[in-house]
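First comes the structure, then the notes that go with it.
Below, the structure written as structure tokens:
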């Protein structure tokens, strides 16, 4: 079995952090070199790096840069704490960011002899652990897939959002390496085009056959091509198995059920939020109308027109067949299934 | 009852044809003045005017312009025939274009005393008849709708594609005038954005509350808002009731069925093609990959990525509740229902 993924959007080299600039994909593969923590915070804010796990790891390396810069100065700890605050504020809503920085802060308190080295080891370890977990999810998910499968995915639950392999795309990578997956289909993923710009690119880079299409063409592809699996990531999973994911996932899950395709959600167990009993408790972020209008070249919209731009939707557990985590595979029905997981904690 | 529609994209005035330039909507309401047939052909080719019926009517006025220009010249008939050929070639696949020009050619052969006048009368009559038929469909469709309905539509089956009112949007206009329809939802309609650019604009212009959203957000809107009806147009209807319409219609019909919303297709009876037994016989136009890539700002796509860009999809008759034509309303099941229509003929 061969599972490819040369793609990791985060690299440490020559005492600097290098980030693959995702704003420029797929036109250019530009790596930005960042030498201090405020630069890292700015890169997170500006979406050079995206995807909750990847954001956290970038911030962890930002702390290493801060200590390398300030570690020998008088009052260095205040300077580093200030940098950590800046990093934490870059995308305040990402759980992983706070988690990664929390691990770094704990190490700072321990005050080891070679602090920069131990912080760097921790940051590298976060990357490595994420890659291992993703590969484990990939293997667990791929076991469910039959030979000759055609798969649909949505948005980018890929290497570019993580330290490598991705979540849904880890399953697709392993499944393709095992020669079980023949072809992958991905919608462009309006309004941000993560499918067009990121997923199609990273699958093609890894030599996995991929077809890109408008989101609204997915149902017809299911009908004509015979899609066997819809495999997606998750932003949050409620205790009953309802899944919040990128807008459009729900429509795909309905179409998958209609065509007899199975639905697999792939996410680290920390995505399960046991404090939320069902999907109705998950807040849905409403984003700017410009994301809808800009691509159509509309600068001035009649004020009477209402624009709805929800970033996520809720796919009810009843439409999901499998939820794959690094701690095991859950099979529908999901009610009560997650009690063996430690809820809301990152490993 | 009040049914608004100030919008007609075609106007004859001061011996010239005026077309509402749909390429500039919704940013600008620019009317282009056209003084001769080659200019009309170019406007059709360049999508100044779009929608099969509207294209036909514009071409009919093009013939009037040709006769006004050449009618007193020696060998005028050859000059006019040449103009008609140019008009017919502007969008060779639109059935309505050939039909409209056929009516004009028949009049030319009759050689009446005031030829320009009789041609102009015919062109004006085509416009008038279309508006009347659309209003009739609107009234028939609106009778099916309950008070307090929320409606979803797709693409632009509107006034802008016809001589006024539209097809699906005629039902929505009448239903809103009868205070039965509270709110209309329309997806942006990738890849051409007819929803964003045309439908949202023309409904808002007529004072009909409209919400614009990404195509992939439609299913969630059905779930959260409680949509009662999906009302769409059709490009072709097979003898068994399968409907070819803008890509994305099929996904919406599946989602409508899933949420218990009813599906109404509104189209002139000439759209029913009795020579095609079911949807599998309807050819689906595959359009340029650039339509998918351009809006995402992708100039160079990895050559390994396959782009699928079907312009239409087939919604099986089994997902459709009503097909409304100007000759009557058909209720599912549709097998054998269309035999009382004269198939494939334009009225």
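Residue numbers (the numbering used here), protein chains in the order written: chain A, 3 to 349; chain B, 3 to 349. A virtual CB, placed ideally from N, CA and C, is assigned to each residue, including glycine. All values derive from a computational prediction rather than experimental measurement.
Q: Kindly indicate which residue of B:54, B:295, B:80 and B:229 has the alpha-carbon position closest to the one of residue 235 of chain B.
A: As a first step, residue 235 of chain B is located in the second chain; it is residue number 233 there, counting from the start. If we check each option's Cα against that of residue 235 of chain B, B:54 comes out closest.
Q) Run through DSSP, which three-state label would residue 66 of chain B get? A) Here residue 66 of chain B refers to the residue found at position 64 of the second chain. Here residue 66 of chain B sits in helix by DSSP.
Q: Compare the C-beta of residue 304 of chain B against all C-beta atoms of chain A and say whether one is closer than 7 Å.
A: Taking the second chain and counting its residues from 1, the one referred to as residue 304 of chain B is at position 302. Yes, its Cβ sits closer than 7 Å to a Cβ of chain A.
Q. From the beta carbon of residue 10 of chain B, is the nearest beta carbon of chain A less than 7 Å away?
A. In the second chain, the residue the question calls residue 10 of chain B occupies position 8. Answer no: the Cβ-Cβ gap between residue 10 of chain B and chain A never drops below 7 Å.
Q. What are the boundary residues of the alpha helix (DSSP H) that includes residue 82 of chain A?
A. For this step, residue 82 of chain A is matched to residue 80 along the first chain. Counting along the chain, the alpha helix (DSSP H) containing residue 82 of chain A begins and ends at 78-92.
Q) Are the Cβ atoms of residue 286 of chain B and residue 260 of chain A separated by less than 7 Å? A) Reading the second chain from its first residue, position 284 is the one you call residue 286 of chain B. Reading the first chain from its first residue, position 258 is the one you call residue 260 of chain A. The Cβ atoms of residue 286 of chain B and residue 260 of chain A lie no closer than 7 Å to each other.
Q) Exposed or buried, what is residue 315 of chain A when buried is set at 16 or more other beta-carbons lying within 10 Å of its beta-carbon? A) On the first chain, residue 315 of chain A is found 313 positions in, with the first residue counted as 1. So residue 315 of chain A counts as buried.
Q | Start and end residues, beta strand (DSSP E) containing residue 151 of chain A | A | The count along the first chain starts at 1 and reaches residue 151 of chain A at position 149. Here the beta strand (DSSP E) through residue 151 of chain A covers 151-155.
Q: Pick out the complete beta strand (DSSP E) segments inside the segment 275-326 of chain A, 3 residues or longer, and give them in chain order.
A: 308-310 and 314-317, all fully within the segment 275-326 of chain A.
Q) Should residue 196 of chain B be flagged as near chain A, meaning a C-beta pair shorter than 7 Å? A) Here residue 196 of chain B corresponds to residue number 194 of the second chain, with the count starting at 1. No, residue 196 of chain B does not count as interfacial toward chain A.
Q: With 8 Å as the limit, tell me which residues of the segment 206-239 of chain A have their beta carbon closer than that to any beta carbon of chain B; keep them in chain order.
A: For the segment 206-239 of chain A, which is checked against every Cβ of chain B, the residues closer than 8 Å are 206, 207, 209, 211, 212, 213, 214, 215, 216, 217, 218, 219, 220, 221, 222, 223 and 225.
Q. Residue 201 of chain B CB to nearest chain A CB: under 7 Å?
A. Here the question's residue 201 of chain B lines up with position 199 in the second chain. Not one chain A Cβ lies under 7 Å of residue 201 of chain B.
Q: From the DSSP output, in three-state form, read off residue 134 of chain B for me.
A: For the purposes of this step, residue 134 of chain B is identified with residue 132 of the second chain, where counting begins at 1. In this structure, DSSP gives residue 134 of chain B a helical state, which the three-state scheme calls helix.
Q. To the nearest angstrom, how far is it from the Cα of residue 310 of chain B to the Cα of residue 292 of chain A?
A. Position 308 of the second chain holds residue 310 of chain B. Position 290 of the first chain holds residue 292 of chain A. The C-alpha of residue 292 of chain A is placed about 26 Å away from the C-alpha of residue 310 of chain B.
Q. Using the C-alpha atoms, what's the distance from residue 39 of chain B back to residue 19 of chain B?
A. Residue mapping note: residue 19 of chain B aligns to position 17 of the second chain, counting from 1. Residue mapping note: residue 39 of chain B aligns to position 37 of the second chain, counting from 1. Their backbone Cα atoms lie some 10 Å apart in a straight line.
Q) Three-state secondary structure (DSSP) at residue 246 of chain A? A) Taking the first residue of the first chain as 1, we reach residue 246 of chain A at position 244. Looking at residue 246 of chain A - three-state DSSP - the assignment turns out to be strand.
Q. By the 10 Å Cβ neighbour count, where 16 or more other Cβ atoms means buried, how is residue 114 of chain B classified, buried or exposed?
A. Sequence index remark: in the second chain, residue 114 of chain B carries index 112 (1-based). With fewer than 16 other beta carbons inside 10 angstroms of its own, residue 114 of chain B counts as exposed.
Q. Given that residue 192 of chain A touches chain B, what residues does it touch there, using C-beta distances under 8 Å?
A. The residue given as residue 192 of chain A occupies position 190 in the first chain. Here the neighbours are 190, 192, 216, 217 and 218.
(Q) Let's test the definition: count the other Cβ atoms within 10 Å of the Cβ of residue 223 of chain B and tell me whether it reaches 16, buried, or not, exposed. (A) As a working note, residue 223 of chain B is residue 221 in the second chain. When all chains shown are included, residue 223 of chain B counts as buried.
Q: Counting only the same chain and skipping the five closest in sequence on each side, list residues whose C-beta sits under 6 Å from that of residue 338 of chain B.
A: Along the second chain, read from residue 1 onward, the residue named residue 338 of chain B stands at position 336. Result list for residue 338 of chain B: empty, nothing under 6 Å.
Q | Given 8 Å, three or more beta-carbon pairs between the segment 267-282 of chain A and the segment 181-191 of chain B | A | The segment 267-282 of chain A is not in contact with the segment 181-191 of chain B.
Q) Taking the runs of the alpha helix (DSSP H) that are 4 residues or longer, which of them lie wholly in the segment 182-207 of chain B? A) Whole alpha helix (DSSP H) segments, 4+ residues: 202-207.
Q) With respect to the alpha helix (DSSP H) encompassing residue 13 of chain B, which residues constitute its N-terminal and C-terminal limits? A) Indexing the second chain from 1 puts residue 13 of chain B at position 11. Residue 13 of chain B -> not in any alpha helix (DSSP H); beta strand (DSSP E) instead, spanning 12-15.
(Q) For residue 12 of chain B and residue 250 of chain A, I'd like the C-alpha separation in whole angstroms. (A) In the second chain, the residue the question calls residue 12 of chain B occupies position 10. In the first chain, the residue the question calls residue 250 of chain A occupies position 248. Distance between the alpha carbons of residue 12 of chain B and residue 250 of chain A is about 37 Å.
Q | residue 266 of chain B - DSSP class collapsed to helix/strand/coil | A | In the second chain, the residue the question calls residue 266 of chain B occupies position 264. DSSP places residue 266 of chain B in the strand class (E or B) of the three-state scheme.
(Q) Check for me: the beta strand (DSSP E) holding residue 240 of chain A runs from which residue to which? (A) Residue 240 of chain A sits at position 238 when you count from the first residue of the first chain. Taken as a continuous stretch (DSSP letters only), the beta strand (DSSP E) holding residue 240 of chain A covers 238-240.
Q: Provide the residue(s) that pair with residue 101 of chain B in DSSP beta bridges, ordered along the chain.
A: Counting from 1 along the second chain, the entry for residue 101 of chain B is found at position 99. DSSP output for residue 101 of chain B lists no bridge partner at all.
Q) In terms of residues, what are the limits of the alpha helix (DSSP H) holding residue 213 of chain B? A) Position 211 of the second chain, counted from the first residue, corresponds to residue 213 of chain B. Counting along the chain, residue 213 of chain B sits inside no alpha helix (DSSP H); it lies in the beta strand (DSSP E) bounded by residues 212-215.
(Q) So, under 8 Å CB-CB, residue 132 of chain A and residue 59 of chain A are touching, yes? Tell me the CB distance rounded to an integer number of Å. (A) Within the first chain, residue 132 of chain A is the residue found at index 130, counting from 1. Within the first chain, residue 59 of chain A is the residue found at index 57, counting from 1. The beta-carbon distance between residue 132 of chain A and residue 59 of chain A, rounded to whole angstroms, is 7 Å. This is short enough to meet the 8 Å contact definition.
Q: Have a look at B:26, B:196 and B:213 and flag the residue whose alpha-carbon is nearest the alpha-carbon of residue 159 of chain B.
A: Taking the first residue of the second chain as position 1, residue 159 of chain B is located at position 157. Minimum Cα distance to residue 159 of chain B is reached at B:196.
Q | the ligand NAP heavy atom lying under 6 Å from the CB of residue 213 of chain B | A | By its list of ligands, the structure shown contains no ligand whatsoever, and the ligand NAP lies outside what it can speak to.
(Q) Distance check for residue 229 of chain B and residue 16 of chain A, CA to CA, integer angstroms please. (A) As a working mapping, residue 16 of chain A is identified with position 14 in the first chain. As a working mapping, residue 229 of chain B is identified with position 227 in the second chain. The C-alpha of residue 16 of chain A lies about 57 Å from the C-alpha of residue 229 of chain B.
Q. Below 7 Å between beta carbons: does that hold for residue 92 of chain A and residue 46 of chain A?
A. Taking the first residue of the first chain as 1, we reach residue 92 of chain A at position 90. Taking the first residue of the first chain as 1, we reach residue 46 of chain A at position 44. Yes, they are a contact pair.
**Q.** Contact list for residue 350 of chain B against chain A, beta-carbon separation under 8 Å
**A.** No statement about residue 350 of chain B is possible, as the shown extent of chain B runs from 3 to 349 and does not include it.
Q. Less than 7 Å separating the beta-carbons of residue 172 of chain B and residue 136 of chain B?
A. As a first step, residue 172 of chain B is located in the second chain; it is residue number 170 there, counting from the start. As a first step, residue 136 of chain B is located in the second chain; it is residue number 134 there, counting from the start. A contact, by the Cβ cut-off of 7 Å.
Q: Check each residue of the segment 13-37 of chain B: if its Cβ is closer than 8 Å to any Cβ of chain A, include it; give the result in chain order.
A: Per Cβ criterion, the list reads 28 and 29.
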